[in-house]
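K.L.:
Take this structure, written in structure tokens, and hold onto it; I'll ask about it next.
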DNA sequence: ATTATCTATAGATCTATAGATAATGC
DNA sequence: ATTATCTATAGATCTATAGATAATGC
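Chains as they are written, first to last, in my numbering: chain F, 1 to 213; chain P, 1 to 213.
As structure tokens, then:
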């Protein structure tokens with residue numbers, strides 16, 4: 001009765017109407033499968049099958065399995081998330097800045113692609129590659145510079161700890177929530193709980209360490 | 001000239017003098033290789049070769065590759081780390097308790113096996129399995145109960161946030177430092193920096209939220 | 001001529017099993 | 001007889017390549 005609507009493709013270049021962004025589709029599917037099963041747990045066969053093409057088509061677009069992996073890292077590597085930090089206004093009221101900063105970071109990290117990135121990162125030991133740890137350190141130092149200015153200006157308490165320790169106290173619970181709960185397989189409910197937790201944390205931190213309002 | 005000192009083993013049961021804890025050795029090496037390359041990235045061939053035995057010997061001790069993986073999880077699963085939390089004395093001075101608690105947790109998480117566990121966990125997406133996330137949640141709730149008592153007794157500030165939010169503010173930077181820096185491949189220098197950071201954080205937290213001394 | 005796909009297959013590896021062999025312990 | 005190992009191999013799967021085929025765009 002029911003005949004599959006997906007046209008069986010034969011040999012030869014497909015007509016223009018059917019042609020799509022094969023390379024982009026391959027990268028997207030590869031990211032999804034690497035995130036689900038890890039690099040070694042994903043065969044190029046599985047990638048091609050999911051896209052609906054023959055497995056050898058992959059070698060028309062990439063030199064090797066590794067090359068397609070590298071391509072996914074370009075898309076979702078840590079450099080993507082760092083940009084969110086630079087978008088905030090350090091001249092704003094400290095407490096408000098902190099709350100807005102947390103909001104922004106959450107928005108950047110709770111997109112479908114950012115969550116697939118977390119799944120990939122936590123499936124291939126990439127948490128421990130310098131790209132990820134250095135990225136985290138850089139974000140902490142970056143935030144610490146802002147805090148150091150505030151401390152100098154008397155807008156942040158100076159009796160609790162160094163600017164860097166304070167930056168760690170704010171950022172690391174956010175990064176931790178991301179690693180644990182903002183991943184590809186997380187339910188919407190679980191993700192909302194994580195976002196709420198981060199927002200409460202940022203608020204607690206803002207009220208504790210800033211001066212006046 | 002130089003002849004290998006490792007006796008080439010032939011067929012047949014080895015003499016008693018040479019017999020060791022083969023099963024234990026297989027599990028230990030499997031944990032190491034899974035931590036290095038992930039489950040799918042580790043062949044039973046590689047495990048057997050590292051132990052110095054034929055690959056088929058693995059099937060004399062385990063039913064399948066999956067069975068040896070399950071065995072490593074019994075050894076280094078999250079239940080191992082949770083025990084450290086129950087060893088502290090909640091009747092101690094809050095600030096001291098917090099510092100000692102951080103010390104204990106660090107000691108439990110900076111052992112070679114605990115670090116291999118982290119590498120394994122971050123190489124197979126186990127961060128997102130309930131065993132790990134639930135274990136983290138349980139530890140937070142457990143600590144929150146202690147904090148709730150302190151708040152009732154007036155030994156901890158009640159104007160900052162709920163006991164659970166405070167528990168998250170203390171614990172999650174510690175758990176985050178563990179995930180990022182207390183892994184199998186971390187240098188001693190990197191690990192010390194992580195431990196120092198955690199100790200400074202616990203101290204900052206203790207001075208900020210506890211009352212009197 | 002170039003591009004995008006296919007089929008077919010080489011050659012490497014992987015998990016798992018069958019059956020032999022030699023030491024152990026009853 | 002049991003235990004702990006070996007060699008040899010079956011059968012599945014994986015990466016990668018060769019060569020055919022058909023639409024496209026000059």
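Virtual Cβ for every residue (Gly too), placed ideally from N, Cα, C. This structure is a prediction, so every number in the text was calculated from the model and none was measured.
Once the 5 residues before and after residue 111(P) are set aside, which same chain residues still bring their CB inside 8 angstroms of it?
P.N.:
Taking the first residue of the second chain as 1, we reach residue 111(P) at position 111. Same-chain partners within the cutoff: there are none.
K.L.:
Give the residues of chain F in contact with residue 168(P), contact being defined as C-beta atoms less than 7 angstroms apart.
P.N.:
Sequence index remark: in the second chain, residue 168(P) carries index 168 (1-based). Those are 173, 197 and 201, listed as they occur along chain F.
K.L.:
Is the beta carbon of residue 31(P) less than 7 angstroms from the beta carbon of residue 46(P)?
P.N.:
Sequence index remark: in the second chain, residue 31(P) carries index 31 (1-based). Sequence index remark: in the second chain, residue 46(P) carries index 46 (1-based). In this structure, residue 46(P) does not lie closer than 7 angstroms to residue 31(P) by Cβ.
K.L.:
How far does the alpha helix (DSSP H) with residue 189(P) in it extend, from its first residue to its last?
P.N.:
By 1-based counting over the second chain, the position of residue 189(P) is 189. 188-209 is the span of the alpha helix (DSSP H), which, as asked, contains residue 189(P).
K.L.:
Quick one: what's got a C-beta closer than 6 angstroms to residue 220(F)'s C-beta in the same chain, skipping five residues either side?
P.N.:
Only positions 1 to 213 of chain F appear in the structure, and residue 220(F) is not among them; the question remains open.
K.L.:
I want to see whether chain F comes within less than 7 angstroms of residue 204(P), judged by CB atoms only; does it?
P.N.:
Along the second chain, one-based indexing puts residue 204(P) at 204. Yes, residue 204(P) lies at the interface with chain F (some Cβ there is under 7 angstroms from its Cβ).
K.L.:
Does the structure place the region 143-155 of chain F close enough to the region 137-156 of chain P that three or more beta carbon pairs sit under 8 angstroms?
P.N.:
Judged by Cβ distances under 8 angstroms, the region 137-156 of chain P makes no contact with the region 143-155 of chain F, as fewer than three pairs qualify.
K.L.:
Along the chain, where does the alpha helix (DSSP H) that runs through residue 146(F) open and close?
P.N.:
The residue you call residue 146(F) lines up with position 146 of the first chain. Per DSSP, residue 146(F) belongs to the alpha helix (DSSP H) from 130-152.
K.L.:
Can you list, in chain order, the residues of its chain whose CB lies under 7 angstroms from that of residue 171(F), leaving out five sequence neighbours each side?
P.N.:
By one-based count along the first chain, residue 171(F) stands at place 171. Same-chain partners within the cutoff: 139, 140 and 143.
K.L.:
For the alpha helix (DSSP H) holding residue 99(F), just list the boundary residues, first then last.
P.N.:
One-based indexing of the first chain puts residue 99(F) at position 99. Per DSSP, residue 99(F) belongs to the alpha helix (DSSP H) from 94-109.
K.L.:
With residue 35(F) and residue 123(F) assumed to form a contact (beta carbons below 8 angstroms), what rounded beta-carbon distance in angstroms separates them?
P.N.:
The sequence position of residue 35(F) within the first chain is 35, counting from 1. The sequence position of residue 123(F) within the first chain is 123, counting from 1. With 8 angstroms as the limit, residue 35(F) and residue 123(F) qualify as a contact, their Cβ atoms being about 7 angstroms apart.
K.L.:
Is there a Cβ of chain P sitting closer than 7 angstroms to that of residue 22(F), yes or no?
P.N.:
If you number the first chain from 1, residue 22(F) lands on position 22. So no, residue 22(F) is outside the interface.
K.L.:
Let me know if residue 192(F) comes out buried or exposed under the rule of 16 or more other beta-carbons within 10 Å of its beta-carbon.
P.N.:
For the purposes of this step, residue 192(F) is taken as residue 192 along the first chain, with counting starting at 1. Exposed, because fewer than 16 other Cβ atoms sit within 10 Å of the Cβ of residue 192(F).
K.L.:
Output yes or no for whether 7 angstroms exceeds the beta carbon distance between residue 102(P) and residue 41(F).
P.N.:
Your numbering for residue 102(P) matches position 102 in the second chain. Your numbering for residue 41(F) matches position 41 in the first chain. No, they are not a contact pair.
K.L.:
Short of 7 angstroms in beta carbon distance, which residues of its chain neighbour residue 211(F), apart from the five on each side in sequence? Order them along the chain.
P.N.:
Position 211 of the first chain holds residue 211(F). Same-chain partners within the cutoff: 154, 155, 156 and 157.
K.L.:
Using beta-carbon positions only, say whether residue 44(F) and residue 206(F) come within less than 7 angstroms of one another.
P.N.:
Here residue 44(F) corresponds to residue number 44 of the first chain, with the count starting at 1. Here residue 206(F) corresponds to residue number 206 of the first chain, with the count starting at 1. No, they are not a contact pair.
K.L.:
Within the 7 angstroms Cβ cut-off, does residue 158(F) reach chain P?
P.N.:
Counted from its first residue, the first chain places residue 158(F) at position 158. Not an interface residue.
K.L.:
From this set, 185(P), 107(P) and 126(P), which residue's C-alpha is nearest residue 87(P)'s C-alpha?
P.N.:
Along the second chain, read from residue 1 onward, the residue named residue 87(P) stands at position 87. If we check each option's Cα against that of residue 87(P), 107(P) comes out closest.
K.L.:
Could you check how far apart the C-beta atoms of residue 176(F) and residue 176(P) are, in whole angstroms? I think they sit under 8 angstroms.
P.N.:
The residue labelled residue 176(F) in the question sits at position 176 within the first chain. The residue labelled residue 176(P) in the question sits at position 176 within the second chain. Indeed, because the Cβ distance is near 4 angstroms, the residues count as touching under 8 angstroms.
K.L.:
Going straight from the alpha carbon of residue 25(F) to that of residue 51(F), what length do you get?
P.N.:
Your numbering for residue 25(F) matches position 25 in the first chain. Your numbering for residue 51(F) matches position 51 in the first chain. Each residue's alpha carbon lies about 7 angstroms from the other.
K.L.:
So with Cβ pairs under 7 angstroms, would you call residue 40(P) a contact of chain F?
P.N.:
One-based indexing of the second chain puts residue 40(P) at position 40. Answer yes: the Cβ-Cβ gap between residue 40(P) and chain F drops below 7 angstroms somewhere.
K.L.:
Would residue 197(P) be called buried (16 or more neighbouring beta carbons within 10 Å of its own) or exposed?
P.N.:
Locating residue 197(P) in the second chain gives position 197, counting from the first residue. The residue is buried, with at least 16 neighbouring Cβ atoms inside 10 Å.
K.L.:
Looking only at its own chain, which residues have a Cβ that is under 8 angstroms from the Cβ of residue 95(F), when we skip the five neighbours before and after it?
P.N.:
Sequence index remark: in the first chain, residue 95(F) carries index 95 (1-based). Contacts found: 206, 207, 210 and 213.
K.L.:
Within a Cβ cutoff of 8 angstroms, which residues of the same chain sit near residue 174(P), ignoring the five residues on either side of it in sequence?
P.N.:
Locating residue 174(P) in the second chain gives position 174, counting from the first residue. The residues are 102, 105, 106, 198, 201 and 202.
K.L.:
Who are the Cβ neighbours of residue 127(F) in its own chain at under 6 angstroms, not counting the five residues just before and after it?
P.N.:
Your numbering for residue 127(F) matches position 127 in the first chain. Correct list, in chain order: 121.
K.L.:
Any beta-carbon of chain P closer than 7 angstroms to the one on residue 133(F)?
P.N.:
Counting from one through the first chain, the residue named residue 133(F) turns up at place 133. Taking Cβ atoms only, chain P reaches closer than 7 angstroms to residue 133(F), which makes this a yes.
K.L.:
Check whether the Cβ atoms of residue 133(P) and residue 180(F) sit closer than 7 angstroms, and answer yes or no.
P.N.:
As a first step, residue 133(P) must be located in the second chain, where it is residue number 133. As a first step, residue 180(F) must be located in the first chain, where it is residue number 180. Cβ distance < 7 angstroms, so residue 133(P) and residue 180(F) count as in contact.
K.L.:
Near residue 186(P), which residues of its chain fall below 8 angstroms by C-beta distance, leaving aside the five closest residues on each side in sequence?
P.N.:
The residue labelled residue 186(P) in the question sits at position 186 within the second chain. If we look at residue 186(P) and ignore the five residues flanking it on each side, its Cβ neighbours are 115 and 194.
K.L.:
Return the CA-CA distance between residue 113(F) and residue 61(P), expressed in angstroms with no decimal places.
P.N.:
Indexing the first chain from 1 puts residue 113(F) at position 113. Indexing the second chain from 1 puts residue 61(P) at position 61. Each residue's alpha carbon lies about 42 angstroms from the other.
K.L.:
With 7 angstroms as the limit, tell me which residues of the region 114-129 of chain F have their beta carbon closer than that to any beta carbon of chain P; keep them in chain order.
P.N.:
Correct list: 119, 122, 123, 124, 125, 127 and 128.
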